[in-house]
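Here the structure comes first, spelled out in structure tokens, and everything after it is commentary.
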Amino acid sequence: MASIARCSVKRRCLLSRLKTPLVAGDSSHSLAVTPRWLSRGAGVRFMSHGTAGGSSAGGTRRGALALGGAAALTAAAAAAGFLANVHHFQRAEMATSVLPALVKEDKEQEGDIVERCRGFMSPPVTDISVLQATKGEMRTRMEMLIMETQADFCRALQEADGGTFKADRWERKEGGGGISCVMQDGKVFEKAGVNVSVVFGHLTEEAAKQMRSRGKVLKGKDGKLPFCAMGVSSVIHPKNPHIPTVHFNYRYFEIEEEDGNKQWWFGGGTDLTPVYVNKDDAFHFHNTLKEACDKHHSQYYPDFKKWCDRYFYIRHRGETRGIGGIFFDDLDSPNQEEAFSFVKSCARTVVPCYLPIVNKHLNDSFTDEEKDWQQVRRGRYVEFNLVYDRGVKFGLATPGSRIESILMSLPLTARWEYMHEPAKGTREAEMLEVLKNPSDWV
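For the sequence shown, our numbering begins at 56 and goes up steadily by one.
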């Protein structure tokens, strides 16, 4: 329990923010993309590691790939990404690991806690003195990563839009809290949200039951299982229908068992939802993600791309939500250090995979008909999030969850036209065909 208490939400230090915004990617109207990477090698199997007192891996279990992903990581939504069915997705074999040089480089870049906190949109959820005292623990390193990801993405979006994010801090009485950064009615973005949450407490019996049904062996004390969950989640809805909507979510979950052993895993992904097909944009987005994946395992991108297409699928419409990206959950192999290094690589793609696309289309003109099609597609986005997204559904049903942060993912405006069907041969029909038959973009 002592290790859980270090997540307390005391705020003894309020730090000044950096005044200089980050440069938001390439400001030209063309996308700089690199040559295609070829995927090869074996697939991936994820294994759960128990760690005594947070030390190196102990026991293992059979890998279970589970659905997840909350549009907003509130207390409930953070946990919800790990509470889902396993049978939809494939298992594979782990063959290679992260290069030691990558891990060493990541450690060298982490730097001083206080200095890094000065660049955040808000002081971190966990007290800075606690973060300093636990600098080497994964919880601290992950919280610093999600805070930096939020700050980097917000400043890049502000640079493109000219507007300012409002940082809204919140606390959860059951333990923990978060920072919701939202920009509405900007010049470029109708609604942009980038949320961070760090929550802790005890798993409900329902949550523990669902985890056990996925194959996790959880041994609580007197029926209680202390947990800590944290993550960064973002959804961006632009005004211009030629600028795609983007979503990403990266998270970490840790459970402490009766004997002091810990189970941990990572999850997340990034996906794109355009209104119209643009093959150059799709290649740039997917290739940026693929290059980040290929640094760690040649099978990550093809496996996680397929997983993404399957998860973001609107079954009652028979179409995907967008053109996908990558998605994964229960990532706990080959070891904690290397899994974290991979998640860090993914989190650092959110600006370079998206902002060049935004800058390319900033001044694109559009018609009323194109705007109407964007509104229809937004309606489908809402349908997926409210009907299928397990994080949103679980969050809405969980006492103590923060509804504003959960529904941050929804657009300001959308429409539902009765029996809407685009005319054959139109760009709208082309987009619908891609959504019904996902493509390999790289």
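Backbone N, C-alpha and C define an ideal beta-carbon position, used for all residues, glycine too.
By the Cβ test, the region 374–392 is not in contact with the region 411–431, since fewer than three Cβ pairs between them sit closer than 8 Å. With a cutoff of 7 Å on beta-carbon distance, residue 455 and residue 227 are scored as near each other. In this structure, residue 204 keeps its C-beta atom at 7 Å or more from the C-beta atom of residue 195.
Here residue 458 is not near residue 447, since their CB atoms are 7 Å or more apart.
In this structure, residue 249 sits away from residue 283, with a CB-CB distance that is not shorter than 7 Å. The continuous alpha helix (DSSP H) containing residue 437 extends over residues 423–442. Secondary structure at residue 240: coil, using DSSP grouped into helix, strand and coil. Burial check for residue 176: the Cβ neighbour count within 10 Å reaches 16 or more, so the residue is buried.
When the five nearest sequence neighbours on each side are left out, the beta carbons in the same chain lying within less than 7 Å of the beta carbon of residue 344 are those of 325, 356, 380, 381, 404 and 408, in order along the chain.
Taken in chain order, the complete beta strand (DSSP E) segments of 3 residues or longer contained in the region 284–345 are 300–311 and 316–328.
For residue 350, there is no enclosing beta strand (DSSP E), as DSSP marks it with neither H nor E. When C-beta atoms of the region 430–437 are compared with those of the region 469–476, three or more pairs fall below 8 Å, so the two segments count as touching.
Between the alpha carbons of residue 328 and residue 364 lies a gap of roughly 12 Å.
Within the same chain, 176, 177, 234, 235 and 236 come within 8 Å of residue 222 by CB-CB distance, once the 5 residues on both sides are set aside.
Per DSSP, residue 196 is one residue of the alpha helix (DSSP H) stretching across 193–216.
Counting C-beta pairs with one atom in each stretch, the region 279–293 and the region 239–248 have three or more that are closer than 8 Å, which means they touch. Taking C-beta atoms as the reference points, residue 341 and residue 497 count as a pair closer than 7 Å.
Comparing alpha-carbon positions, the option among 422, 474, 490 and 299 lying closest to residue 335 turns out to be 299. Scanning its chain for C-beta atoms nearer than 6 Å, with the 5 sequence neighbours on each side dropped, one finds around residue 241 the residues 216 and 218, in chain order.
DSSP places residue 358 outside any beta strand (DSSP E); the residue lies instead in the alpha helix (DSSP H), whose first and last residues are 355–366. Between the C-alpha atoms of residue 309 and residue 358 there is a straight-line separation of about 24 Å. In the DSSP assignment, residue 378 falls outside any alpha helix (DSSP H), carrying neither H nor E. In this structure, the CA atom of residue 353 is about 29 Å from the CA atom of residue 317.
In the structure shown, the three-state DSSP call for residue 415 is helix.
When secondary structure is reduced to three states using DSSP, residue 395 falls in the helix class. CA-CA distance, residue 183 to residue 286, rounds to 18 Å. Rounded to the nearest whole angstrom, the C-alpha separation of residue 392 and residue 361 is 25 Å.
Just so you know, the alpha carbons of residue 420 and residue 384 end up roughly 39 Å apart.
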